[in-house]
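Working notes for the structure below.
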Amino acid sequence: MRNAIPKSCLCKNTKVPAYDMKNSYRSDECFAKETVYSCSFVRPLPEPRKKPIVHKDHITMAGEIQTETEQQLSYKVKCVPVVKKIIPKNHNLGSKGHMIFKTTMRDDYNLPCFREREQQIIPKENLCIYSCPMESKTTTGCSYTPICANPVENYKPDENYTSPEGTMDLNTIQRTSYRQVDLPKKEETPWAIKLEYCKPKTELNATTVYNNSYKKPGYYVNMEDCNYQID
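The sequence shown begins at 17 in my numbering and counts up one residue at a time.
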């Protein structure tokens with residue numbers, strides 16, 4: 017039996033114990049060995065395996081297959097002697113012995129053997145660096161020498177701004193030079209005025225082709241006193 021209190025009424029932390037139905041009754045009788053399957057299908061007795069029954073209509077071999085076919089009889093093999101492979105006697109394509117390192121290029125152009133390194137000959141037209149240290153006196157340094165002069169007095173204004181005592185004159189050069197010009201009046205254009213929407217006074221005619229073609233449901237009623245009947 018389950019607990020009668022619903023889970024919605026219980027707190028979230030509480031756990032509801034589960035009660036499973038247990039069948040404690042056991043019968044003293046033995047389980048029946050005979051079933052519907054065992055009674056319906058009887059087990060066959062152990063016998064040697066029978067040979068399969070082959071029907072006469074099946075295809076059977078009449079004898080051995082002949083090896084002579086139309087292809088073999090049409091194109092017979094000719095007995096031709098096999099050509100032997102041409103194998104060279106010696107695989108060494110080059111001459112015997114070590115390879116000579118003396119080539120035509122080396123024989124024609126020999127390197128000169130200098131015991132002592134000669135002095136490098138530099139042409140006079142090329143730029144060369146002297147071994148003496150570079151002079152500090154240059155054309156610019158000799159032309160413009162520093163002059164001892166006093167600093168110029170600074171006329172920078174004070175950072176603190178003081179507002180003027182009197183009012184500022186509003187008559188500026190811009191205002192006095194260019195006077196104010198009145199704009200011309202806008203011309204009336206009655207043809208450009210947007211007219212308001214006026215609702216129609218007469219009601220819209222509801223009799224349309226659709227309403228006359230398709231009547232409302234219940235319009236056609238079976239009349240018993242109708243003399244005009246369709247066969």
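In this text, a Cβ means the ideal position worked out from N, Cα and C, and glycines have one as well.
Query raised in the report: Beta carbon of K92: closer than 8 Å to some heavy atom of the ligand HEM?
Result: The ligand HEM is not among the ligands present in this structure, which contains no ligands whatsoever.
Query raised in the report: Terminal residues of the continuous alpha helix (DSSP H) containing Y41?
Result: Element bounds for Y41: n/a, residue is neither H nor E.
Requested in this report: Measure the alpha-carbon distance for S159 versus N166 and round it to whole angstroms.
Outcome: 21 Å
Query raised in the report: Using the C-alpha atoms, what's the distance from L211 back to Y226?
Result: 34 Å
Requested in this report: Could you tell me which of K231, K217 and R65 sits nearest to T223, measuring between CA atoms?
Outcome: K231
Query raised in the report: Any beta-carbon of chain B closer than 9 Å to the one on D185?
Result: Looking for chain B here will not work: only one protein chain is present.
Query raised in the report: For G182, does the three-state DSSP call read helix, strand or coil?
Result: Residue state, collapsed to three classes: coil.
Query - Spatial distance of C46 from H71 (CA atoms) - result: About 51 Å.
Query raised in the report: Nearest-angstrom Cα distance between T178 and N187?
Result: 22 Å
Requested in this report: State the start and end residues of the unbroken alpha helix (DSSP H) segment that holds G157.
Outcome: T155 to S159
Query raised in the report: To the nearest angstrom, how far is it from the Cα of V93 to the Cα of E86?
Result: One C-alpha to the other measures close to 13 Å.
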